[in-house]
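Chains A and B supply the protein sequences, listed in that same order.
Numbering-wise (our numbering), the first sequence opens with residue 1 and increments by one.
Numbering-wise (our numbering), the second sequence opens with residue 1001 and increments by one.
Backbone N, C-alpha and C fix where the C-beta goes; we use that ideal spot for every residue, glycine too.
If you're wondering where the values come from, they're calculated on a predicted model, not measured in any experiment.
Below is one structure; the comments refer to it alone.
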Amino acid sequence: MPPFLYIFLGALAIVSALGVIIQRNPIHSLLSLISTLLTIAILFIGEDAVVVGFLQIIVYAGAIMVLFLFVIWLLNLQVETGPTGHLALKAFGSLAAALLVTELFFVLAPPHLQVKFTREPVGYGSLASLAGKLFTDYLVAFEVTSVLLLAAVVGSIALARRLPVAEEQPQPRVVEKIAS
Amino acid sequence: MTIELIAGAIKAILMILLGLNLSLFLLYFERKGSALIQDRIGSNRVTITGLGKRLGMPNLGIINTTIADPVKMFTKEDFVPAGADKFLHTLAPFLALFPVMITFVVIPFGDTISIAGHRIGLEAANLNAGALYLLATIGLGVYGVALAGWSSNNRWALLGGIRATAQMISYELAMGLAIVSVIMTFGTLNLQEIVRGQGGVWFGFLPRWGIFMQPLAFILLLVAGAAESKRIPFDLPESDSELIQGYFTEYSGGKQAVFMLTDFAEQALLAMLLTTFFLGGWQVPWLMHDGFHLPGGAFLAVPALAVSILGVVAFLVKVVALCIFLGLVRWTLPRFRYDQLMRLGWKALVPLGLLNVLLTAFAIVAIGRVQ
């Protein structure tokens, strides 16, 4: 991936990520989030992690964000008019944010930068290599995760299912009322 | 390198133009074909200075439907209702059209040809993860429709948008399962390789097309794809007798034309996908690299260039035939009720798709891949 494209996409991802928290309309925030996910997916694809990139689009941008859209619709979230919440919450929030920024600065500041960037061989992120890893080295973890997800699906259905309501006494119909 | 880039650009533009022209053909078929089916005359008014009439030709409504109507729509007032989210209202039609248009580029429309020493594959983008790309772009199509419904500030539009969203994400699952069983059969995600895998014959006469290996997946993809493209009998999001025009009630002029174009383009895309996965793509029955090997043992030599051209023609013929078939279905069946739609999607198509994946896996383990 040429550097200018990398920088452009990276900048776009950061701008859209800022849009998620700056916009007041929840739908606009959601669109910014989708845009962030898509740009990061393209970055993945450009860096040879093809499957991860496409799965990010299919799963996150294509499915989970639609769920978010439904939640926003069904809860009827309105445009936020201004900052809300308790003063103590705001104070703690600011403190936590400041701590996080400090931590990030110390981890990523050049003298502490311990990460060595290495270039993986071509085809590292292809479906064949990913599937090979999943079904050999990580087979047990993969299968256990799938059973866990299945259990979560069944559990959520069991929670969402309405219990059968006890038979109600049949109400006398209007005609019968009048007749009596 | 430069030549490959130029060739790639030309092929991408060709594919998008093919999609647009097929949409136009579908629009024509929608108007005049439906008139034929319903024993009406259909549009036959517009001529260019009465030229056809002077030459004594019947007016087939071609100028009506393909030139006059689009020009009329694009010159009408573009109205944004009060209280609508103006930015999203404008963005939504393009968000709906864009994913469909970029999906056309992975469809292979011919075999590799050599021109002046350069080998050029007749597909705009030969992606190794082509099927994943398809699923990704088709999954993004839901946003345009959903946001159109939401941003219009209209209850009919919102209801249509919610219906469309629920319908599209429900049927995506069945669609994905159908595509998964095809991928398992051919052992590759590359669409060009899937088409190559459908060359040759069985028992000396039956072409090795995907439809004979995966008949259930063909039906699943046909039904789920028709539901994805939101046409009758799955036009619940638009259903004009209940929701005026559903999610694009508040659209007029060019933007409404873009929504209609999206529906037609989705139908054209579905025809191309069915052709690629199940009808052998550009494969001509009994045509090998050197010529026709007819079932009776007869052989007819065909020059190499003619074989390539025949392949492209075969692809187009199959796609247009499927487009006409989809149009016939659209004018034959009545609309489903919403509960029927959901029951069909979740209780019939998804279990059948899972069963088909399971059976395919068993068959591959038991007898190996068909090669």
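Name the chain B residues whose beta carbon is nearer than 7 angstroms to that of residue i?
i	result
A54(A)	The displayed chain sequence assigns Phe, not Ala, to residue 54(A). By Cβ distance, chain B contributes A1129, L1132, Y1133, A1136.
Have a look at the DSSP bridge pairing and note the partners of residue i.
i	result
S1372(B)	This structure cannot settle anything about residue 1372(B), because the visible part of chain B is limited to 1001 through 1371.
A1380(B)	Look at the range of chain B in this structure, 1001 to 1371, and you will see that residue 1380(B) is not part of it.
I1120(B)	I1113(B)
P1207(B)	V1201(B)
What residues from chain A crowd round residue i, counting only those whose CB sits closer than 8 angstroms?
i	result
T1165(B)	V66, L69, F70
V1142(B)	G62, V66
I1169(B)	A63, V66
W1156(B)	Residues of chain A passing the Cβ test: none, with the nearest at roughly 15 angstroms.
I1219(B)	Near I1219(B) there are no residues of chain A at all, since even the closest Cβ is about 23 angstroms away, more than 8 angstroms.
Is the beta carbon of residue i sitting closer than 8 angstroms to the one on residue j?
i	j	result
S1170(B)	V1357(B)	no
V1080(B)	K1086(B)	yes
R1208(B)	Q1267(B)	no
I1107(B)	T1276(B)	yes
P1237(B)	P1334(B)	no
F54(A)	L1221(B)	no
S1043(B)	G1061(B)	yes
L1147(B)	L1097(B)	no
L74(A)	A1129(B)	no
G1311(B)	G1121(B)	no
L1014(B)	L1177(B)	no
L1162(B)	G1149(B)	Checking the sequence, you will find Ile at residue 1162(B) rather than Leu. Closer than 8 angstroms, so yes.
L1253(B)	N1153(B)	What sits at residue 1253(B) in the sequence shown is Gly, not Leu. No, the pair does not count as a contact, with Cβ atoms beyond the cut-off.
L1359(B)	V1223(B)	no
I1324(B)	L1279(B)	no
F1315(B)	G1281(B)	yes
G132(A)	A49(A)	no
A1174(B)	G1345(B)	yes
R1031(B)	T1065(B)	yes
V1166(B)	V1145(B)	This sequence places Ala at residue 1166(B); Val is not what is there. No.
L1022(B)	V1319(B)	yes
F1264(B)	Y1251(B)	no
V71(A)	N25(A)	no
E1123(B)	Q1198(B)	no
N1190(B)	L1127(B)	yes
In chain B, what lies closer than 8 angstroms to residue i by C-beta?
i	result
I58(A)	L1132, L1135, A1136, G1139
L127(A)	N1128, A1129, L1132, L1189
Please compile the residues from chain B whose C-beta is within a distance smaller than 9 angstroms of the C-beta of residue i.
i	result
L149(A)	Chain B residues near L149(A): none, gap ~15 angstroms exceeds 9 angstroms.
V51(A)	A1129, L1132
Can you pull the chain A residues whose beta carbon is under 9 angstroms from the beta carbon of residue i, in chain order?
i	result
A1007(B)	Within 9 angstroms Cβ-Cβ: nothing; A1007(B) doesn't reach chain A, min ~21 angstroms.
W1209(B)	Ordered by position in chain A, no residue passes the 9 angstroms Cβ test against W1209(B), which lies about 25 angstroms from the chain.
I1003(B)	Simply none; closest approach about 20 angstroms.
So with CB distances below 7 angstroms, who are the chain A contacts of residue i?
i	result
A1146(B)	L69
T1102(B)	What sits at residue 1102(B) in the sequence shown is Ile, not Thr. Those within 7 angstroms of I1102(B) in chain A number zero; the least Cβ separation is about 12 angstroms.
Beta carbon of residue i: closer than 7 angstroms to some heavy atom of the ligand ADP?
i	result
T1249(B)	The ligand ADP is not among the ligands present in this structure, which contains no ligands whatsoever.
Check your understanding: In the region 129-140 of chain A, which residues sit with their C-beta less than 7 angstroms from some C-beta in chain B, listed in chain order?
Key -> none
Review point. Can at least three beta-carbon pairs, one atom from the region 1093-1105 of chain B and one from the region 1130-1147 of chain B, be found at a separation below 8 angstroms?
Key: yes
Point to revise | Contact list for the region 15-36 of chain A against chain B, Cβ threshold 9 angstroms | key: N25, I27, H28, L31, I34
**Study point:** the region 1319-1329 of chain B touching the region 1152-1165 of chain B, judged by at least three CB pairs closer than 8 angstroms
**Key:** no
Practice item. Mind checking the region 1349-1367 of chain B against chain A and listing, in chain order, the residues whose C-beta falls within less than 7 angstroms of any C-beta there? Key: none
Point to revise | Any 3 or more C-beta pairs closer than 8 angstroms across the region 1115-1127 of chain B and the region 35-46 of chain A | key: no
Review point. Would you call the region 1194-1213 of chain B and the region 1282-1297 of chain B in contact, with 3 or more CB pairs under 8 angstroms?
Key: yes
Check your understanding: For the region 1172-1193 of chain B, which residues have a beta carbon sitting closer than 7 angstroms to at least one beta carbon of chain A?
Key -> L1189
Check your understanding: Does the region 1036-1049 of chain B come within contact of the region 1218-1227 of chain B, defined as at least 3 CB pairs closer than 8 angstroms?
Key -> no
Exercise for review: Indicate whether the contact test is met: 3 or more Cβ pairs, each with one atom in the region 1001-1008 of chain B and one in the region 1024-1036 of chain B, closer than 8 angstroms.
Suggested key: no
Point to revise | Touching by the beta-carbon criterion (3+ pairs, under 8 angstroms), the region 20-38 of chain A and the region 53-68 of chain A | key: yes
Point to revise | At least 3 beta-carbon pairs within less than 8 angstroms: the region 1239-1251 of chain B vs the region 1291-1305 of chain B | key: no
Point to revise | Under 8 angstroms (Cβ pairs) to chain A, residues found in the region 1326-1352 of chain B | key: none
Point to revise | Selection of the region 1306-1326 of chain B by Cβ proximity to chain A, strictly under 7 angstroms | key: none
**Study point:** Residues from the region 1269-1299 of chain B in contact with chain A, defined by Cβ distance under 9 angstroms
**Key:** none
Point to revise | chain A contacts from the region 1103-1125 of chain B (Cβ-Cβ distance under 8 angstroms) | key: none
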